[in-house]
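Participant: One structure is given below, represented as structure tokens, and several questions about it will come after.
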Amino acid sequence: MWMIYTIGFIVALGLALALTPLVKKFAFKVGAVDVPNARKVHTKIMPRLGGLGIYLSFIVAFLIIVWFVPESFSVREMNFIKAFLVGGTITVLLGALDDRFDLPAKLKFVVQIATACIVVFGFDVRLEFANIPFHTYASVESWIAIPFTILWIVGVTNAINLIDGLDGLAAGVSGIAIATIAVMAFIMGNEVVGLMSLLLLGSILGFLHFNFHPAKIFMGDSGSLFLGFCLALLSLLGFKQVAIVSFLTPIILIGVPLSDTMFAIIRRWMQKKPIFSPDKGHLHHCLRELGFSHRQTVLIIYGIAAFFGVLAVIQSSAAMYNANWVTFVVICVMVFFLQIGAEVIGLIGKTKRPLLNFLARLRMKVGEERGSK
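Add 7 to a position in the sequence shown, counting from 1, and you land on the number used in the numbering used here.
Right under this line is the structure:
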């Protein structure tokens, strides 16, 4: 099986390297291009539709490799694979149409909800078990599982789209999260999720060759929405087959896009702006304002994503052995560094630094006490 996984990864990587230049030509031919404006970093017209290259590489690699898998899939695994392929196809088509025609946001949102409903009701893929921190494994009732799963799929899909602001950023962060999922899948013995993750990772890395700064092609909504959908299913639903789903693990896995989205909502609410209004206060914008170059900014965010990936593996491994104290430590570490990082970078606002101000006052008080002694 390891040989099959390795070959599948290499095939997907090679296909992405071969297909992406063709997708680039196709994007120019059909007019799927990104024109510079005040909010965007690039200064020249760039082809979009890069997600189509990732999708085609993944699909072709899967269709090739699946014939060499010696074991037959269970009914539950087949449902997951079908949901993944059907939902992913709808999502990438929606993104491709948006790359070309700039579809209304409401229309995209409706289609995303419909796609999530197809996954849940058409293929019976939903959250079934959860290892809630400081609690035993519990079955999740349908009235909770169904809306939660739909909300999760739509939310994660759009979270990846929100961080797609610099060359190679969304693809790299998604790749790190998917690589983490692959590690967790193999630890848990979930070969289906492991295979899908490795094929997807190979496709992403092949595309990154053309997408890292200076980019030759953008992934567009066809890529960000597709990768978001894939992450939503792989991070949450893929592990239900072994009943080792920690409530926190999938949240940690997509910590970068999820926290960036959360801070954006808080920031706009505090500034009394519409929640969905675009701004230049995202993580990558703030890092650029601090003086980091384009590549440095992307690499820093890669490092943050890798940090979240390590936390997710630790949390997931601890959940397998009911080590709830590890969950508590992971929560504390994650929340602390999220808040400190947000205040230092200025994700909420340039003057909103409650934790840093508290630590400064505490340090001053300790210094005064030492001086008085």
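Beta carbons are placed, not taken as given, at the ideal position from N, Cα and C, and that holds for glycine.
Taking DSSP as the reference, what is the three-state secondary structure of M8?
Facilitator: Looking at M8 - three-state DSSP - the assignment turns out to be coil, as it is neither helix nor strand.
Participant: Decide if T13 is buried, meaning its Cβ has at least 16 other Cβ atoms within 10 Å, or exposed.
Facilitator: By the 10 Å Cβ count, T13 comes out exposed.
Participant: DSSP state of D41, grouped into three classes?
Facilitator: D41: strand per DSSP, three-state reduction.
Participant: Should the segment 214 to 227 be called in touch with the segment 57 to 64, which here means at least 3 C-beta pairs below 8 Å?
Facilitator: With the cut-off at 8 Å, the segment 214 to 227 and the segment 57 to 64 touch.
Participant: Bridge partners of P111, per DSSP?
Facilitator: DSSP lists no partner for P111.
Participant: Between F214 and T27, which are expected to be in contact by the criterion C-beta below 8 Å, what is the C-beta distance as a whole number of angstroms?
Facilitator: F214 to T27, Cβ: 6 Å. Contact.
Participant: Using only alpha-carbon positions, find the residue among V351, A319, M203, K279 that is nearest to I72.
Facilitator: Ranking V351, A319, M203, K279 by Cα distance to I72 puts M203 first.
Participant: Where does A121 land, buried or exposed, given buried means 16+ other C-beta within 10 angstroms?
Facilitator: A121 comes out exposed.
Participant: Could you tell me which residues DSSP pairs with P54 in its beta bridges?
Facilitator: Its beta-bridge partners are V40.
Participant: Whole angstroms is fine: what's the gap from T268's alpha carbon to A166's?
Facilitator: Rounded to whole angstroms, T268 to A166 spans 6 Å at the Cα level.
Participant: Mind checking which residues open and close the alpha helix (DSSP H) that includes A239?
Facilitator: It spans 227 to 239 - the alpha helix (DSSP H) in which A239 sits, taken as one unbroken run.
Participant: CA-CA distance, L290 and I153?
Facilitator: Approximately 32 Å, taken between the alpha carbons.
Participant: Assuming contact is defined by CB atoms lying nearer than 9 Å, are A177 and P43 in contact in what I supplied?
Facilitator: For A177 and P43, no; Cβs fall outside 9 Å.
Participant: Output the distance between the C-alpha atoms of Q346 and G298, rounded to the nearest integer angstrom.
Facilitator: Each residue's alpha carbon lies about 21 Å from the other.
Participant: When the Cα of A19 is compared with those of V30, F35, L63, which residue comes out closest?
Facilitator: Comparing Cα-Cα distances from A19 to each of V30, F35, L63, the minimum goes to L63.
Participant: Mind checking I411: buried by the 16 CB within 10 Å criterion, or exposed?
Facilitator: Summary: the structure shown does not reach residue 411, with the chain confined to residues 8 through 380, and so no result is reported for it.
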